[in-house]
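Every number in the numbering used here is 12 more than the matching position in the sequence shown, counting from 1.
Virtual Cβ for every residue (Gly too), placed ideally from N, Cα, C.
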Amino acid sequence: MRRRSEIVNLRRGSYSGRMPRAAPHSDREGGEARHGDLLRAVTRALEVLAARQDETSALSESFAAAVQAFGAEKALLLRVKQTVPLEMESLSAVGLEPSQVEAAVAGDSVEGVSASLIRKAVEAGEPQLVENSQFEGRHSAETGALTGRPHSVLCAPVTDPWTRSVLAVLYFQTAAGPRAYTPADLPFLRAYATALGHAFGLFLSGERRYRATLERLQKERAPEIIGETEETSRLRADLHESYLPGTAVENPRPILILGETGTGKDLLARYLHYYSETRNRGPFVEYNCAGLSAELAHTTLFGHVRGAFTGASEAAPGLFRSAHRGVLFLDEIGEMPARGQELLLKVLDRFTVQPQGDSRAYPVDVQVVAATGRDLAALVQEGRFRHDLYQRLKPLTLRLPPLSERRGDIRPLLIHFLAEAEKTLRKRTRGLTPEAVHALLAHAWPGNVRELAGVCTALVTHARPGAEITLDDVRKRCPEVLGSASSRGSGYARETLSGSFVQVRSRFERELLVRRLELHRWNVAEAAMSLGISAATLYRYLQRHGLRQGGDEG
13 MRRRSEIVNL RRGSYSGRMP RAAPHSDREG GEARHGDLLR AVTRALEVLA
63 ARQDETSALS ESFAAAVQAF GAEKALLLRV KQTVPLEMES LSAVGLEPSQ
113 VEAAVAGDSV EGVSASLIRK AVEAGEPQLV ENSQFEGRHS AETGALTGRP
163 HSVLCAPVTD PWTRSVLAVL YFQTAAGPRA YTPADLPFLR AYATALGHAF
213 GLFLSGERRY RATLERLQKE RAPEIIGETE ETSRLRADLH ESYLPGTAVE
263 NPRPILILGE TGTGKDLLAR YLHYYSETRN RGPFVEYNCA GLSAELAHTT
313 LFGHVRGAFT GASEAAPGLF RSAHRGVLFL DEIGEMPARG QELLLKVLDR
363 FTVQPQGDSR AYPVDVQVVA ATGRDLAALV QEGRFRHDLY QRLKPLTLRL
413 PPLSERRGDI RPLLIHFLAE AEKTLRKRTR GLTPEAVHAL LAHAWPGNVR
463 ELAGVCTALV THARPGAEIT LDDVRKRCPE VLGSASSRGS GYARETLSGS
513 FVQVRSRFER ELLVRRLELH RWNVAEAAMS LGISAATLYR YLQRHGLRQG
563 GDEG
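So this is what it looks like as structure tokens:
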């Protein structure tokens, strides 16, 4: 009867392929042939060190060669995650059912695998040999699971060549008799385990590099709330103290974000997802309710089964089941049709959805984040938004102030988006000249953060590498900025000249300080020298006007 030998792929733990057994030999010929095969297996493991590429495939190939060389009917390569208590995971397995592999990983002896022998190899740090499980009473505790016909087992720890800590375990098993393992096999087992220890170190370092890269990319993609004004600082504090803790519970209450177009409502939703202790392990699903039709509201939100309606050739999960255990961001909630509002209220009440054409209801655990730039209270008065749905959304409301209300954030936002544009476009500039900065700071920014980001991208796109971005560049690429700034400037001049002499002098003095410091990139010593005063005197003026670096009030 042909034996099935299935190999488990490294990392994934899924079974694939077949491993042919070595042809039988006479005792002497078999030993010599096996030892030759073992030498080749050790050589292949050493090649991993020389190649230093695709460690996973090389380890898998090396282990497959060793299984054949040792003539094993059953074999395991187990990664040791920790020794006390012993915790392992399967990297490769031959001739074993998935349930047997799972039991071995859990440390339970099952028919055909001795978990006790594996534990002994890890604890002793030395190879273990059982020539015949039927006659070696001293190994009865270790070989108790090797029931049925007699077995022969080789088991060895794979250790780190520098720290001697156990990285993995090799387990080979064959039938007792002519092909049984003997003490003559131990030197080859040790040699192979030693070579594998070096290769395994590369495998683990590859995993660490992969994880470090993944963590770095995730960190780079982490949404940031840029700004140091009181409004922005309060927003960050509210998010972490009042809103994020509630997202971790099952069936959390919905969150409503209010803000003008371009203020960053979508970024705030992603921030809630990214920094939630539980939701960040689930999906982030985004949908613009302005595109939702009443006819498709049910299937869009709740999904449908195959054949539920003409054209439904495949089943669809819908938004809520797609966002299960994650975050569903419903943008432009004020534009949602009445049918969609009705269904949304229903799922917020029951936490279940029933796909179109399905008789069953499915539980969902979703953090709903709704956003709008509309006045929902006014829409309720007009009869265009459900009062009961508004009451469900209202308790947890976040308001994003427009950029005009947090002008102190414009400078850090400029720095951030210019750096982002340079990174995206792979172009380095020398930054903005003081005159360009002043013009951008004076702009009204009716399009809020989105407009500011677009202006930064345009300026970097057309800038020459290594050159400064000047006021003339702003005039050419973003003329609307200067138009807004000049109109604001004339209004500002009228405001500056109004009031008493003391008030006008104070405003003029403050404006002079800000402009001169901007001209010298907030180098106090240089600005003081240009004004003909000492740095200490300039610091006193700054303190008098409540100024700190960036022109913000302290």
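Per DSSP, the beta bridge partners of K86 are Q185. Taking the Cβ atoms as the reference, F341 lies roughly 13 angstroms from L313, outside the contact range of under 8 angstroms. With contacts defined by Cβ atoms closer than 9 angstroms, K277 and D343 form a contacting pair. In the three-state reduction of the DSSP assignment, P110 falls in the helix class, which pools H, G and I.
Its Cα nearest to that of L90, the residue V117 stands out among E262, A76, L550 and V117.
The C-beta of K435 has fewer than 16 other C-beta atoms within 10 Å across all chains shown, which makes the residue exposed.
Assignment of D421 by DSSP, reduced to helix, strand and coil, places it in the helix class. The alpha carbon of G338 has as its nearest neighbour, out of R293, T322 and Q353, the alpha carbon of R293. Take A433, set aside five residues on each side of it, and the residues of its chain with a beta-carbon closer than 6 angstroms to its own are C468, T469 and V472, in chain order. Following the DSSP letters along the chain, one finds V449 inside the alpha helix (DSSP H) bounded by residues P446 to A454. Scanning the segment 293-365 from its first residue to its last, the whole alpha helix (DSSP H) runs of 4-plus residues come out as 309-314, 330-334 and 350-362. In its chain, beyond the 5 residues on either side, V134 and V178 have a beta carbon closer than 7 angstroms to the beta carbon of T95. Residues of the same chain with a CB within less than 6 angstroms of the CB of L401, apart from the 5 flanking positions on each side, are Q353 and L357 in chain order.
Of V526, A448 and V461, the smallest CA-CA separation from C490 is found for A448.
Burial state of Q112 is buried, judged by a 10 Å Cβ sphere holding 16 or more other Cβ atoms.
Nearest C-alpha to L280 among H163, T384 and Q80: T384. The distance from the Cβ of L412 to that of G271 is about 3 angstroms, consistent with a contact at the 8 angstroms cut-off. Fewer than three Cβ pairs drawn from the segment 514-525 and the segment 436-443 lie within less than 8 angstroms of each other, which leaves the two stretches out of contact. Rounded to whole angstroms, the Cβ separation of L201 and P139 is 5 angstroms, and the two are in contact under 8 angstroms. Residue state for T206 is assigned as helix, using DSSP reduced to three classes.
When DSSP states are grouped into helix, strand and coil, V472 belongs to the helix group. Counting along the chain, H163 sits inside the beta strand (DSSP E) bounded by residues H163 to T171.
In the DSSP annotation of this structure, T259 is not part of any beta strand (DSSP E); the continuous alpha helix (DSSP H) holding it starts and ends at L256 to T259. Distance from the CA of G346 to the CA of L559, rounded to the nearest whole angstrom, comes to 41 angstroms. In this structure the segment 186-202 does not lie against the segment 99-110, because fewer than three pairs of beta carbons, one per stretch, are closer than 8 angstroms. DSSP places K93 in the strand class (E or B) of the three-state scheme. Under the three-state reduction of DSSP, T384 is assigned to strand. Non-local C-beta neighbours of H399 in its own chain, meaning closer than 8 angstroms and more than five positions away in sequence, comprise V392, ordered along the chain. For the options S518, L430 and S512, the alpha carbon positioned closest to that of E480 is the one of L430. Nearest in C-alpha terms to L182, of all of K132, W174 and N460, is K132. Counting the other CB atoms within 10 Å of its CB gives V514 a total below 16, which places it among the exposed residues. Looking at the DSSP output, S104 sits in a beta bridge with L89.
The C-alpha of T275 is placed about 15 angstroms away from the C-alpha of L426. Taking the Cα of Y287 as reference, the smallest distance to any Cα among S325, R246, E236 and E326 is reached at E236. For the set A180, K439, A335 and P295, the Cα lying nearest the Cα of P477 is the one of K439.
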